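Heads up: the structure comes next, in C-alpha cells.
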Amino acid sequence: MPAPPPPELVQQCTPDTVIPQRERVTYLSHLATRLGMSMGLTTGIGVIDHEPVLNVIPLVWQGQPRRKAMTVGCRYDRRTGAWWFYRYDTGEAIAPANELVIAAHTITATIEETPT
Numbered sequence: 007m008p009a010p011p012p013p014e015l016v017q018q019c020t021p022d023t024v025i026p027q028r029e030r031v032t033y034l035s036h037l038a039t040r041l042g043m044s045m046g047l048t049t050g051i052g053v054i055d056h057e058p059v060l061n062v063i064p065l066v067w068q069g070q071p072r073r074k075a076m077t078v079g080c081r082y083d084r085r086t087g088a089w090w091f092y093r094y095d096t097g098e099a100i101a102p103a104n105e106l107v108i109a110a111h112t113i114t115a116t117i118e119e120t121p122t
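Note that the working numbering has the sequence shown beginning at 7, numbered continuously upward.
Shown next, in the form of C-alpha cells:
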C-alpha cells in the first residue's frame, strides 16, 4: 500500500486557512470507537495546529508498566485519493483511514512496545 506524503509536503493550516474537517473528524471518531473496544486504552479528540487529532492514552493499573501515549492524525493523500492515519510525532504512516482494524491493531501494538 502506498505511503502518505511526508509531513513537509502536507499543507499546514494557518488561522486564515479553511480546510474542511468533516472527513478527518469522522475517521478519527471511528478509530476512537474501535480503540475503545481495547481494554486498557482511552481516547480523546484534541486540536493541534488547527487540525483535529486523536490522543490514545494507555490506562495504568497497579503492577503494570507505564506505556507511552500516542497522538494520531489523519491526512488526505492526493496521489492515492485516500485518507491516512499517521503518528503525529513522527509523521509515520499507520494505515489507510478506511482500514480501522489494521490501524487499531498497529496503534495498540506500538503502544504495548513503547514504555515511558
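Built from N, CA and C at the ideal position, the CB exists for glycine as well.
Since this is a predicted model, take the numbers as computed values, not measurements.
The residue from T116, P102, R93, Q70 with its alpha-carbon nearest to that of G87 is P102. When C-alpha distances from I117 are compared across L34, V62, G42, V31, the shortest belongs to V62. The shortest C-alpha to C-alpha distance from A109 to any of T96, R28, H36 is the one to H36. Using a 10 angstroms sphere on the CB of D83, the tally of other CB atoms reaches 16 or more, which defines it as buried. Here T112 carries a helix assignment [DSSP, helix/strand/coil]. Excluding five sequence positions before and after G50, the CB atoms of its chain that fall closer than 6 Å to its own CB belong to N61, given in chain order. P58 places its beta carbon less than 9 Å from that of L34.
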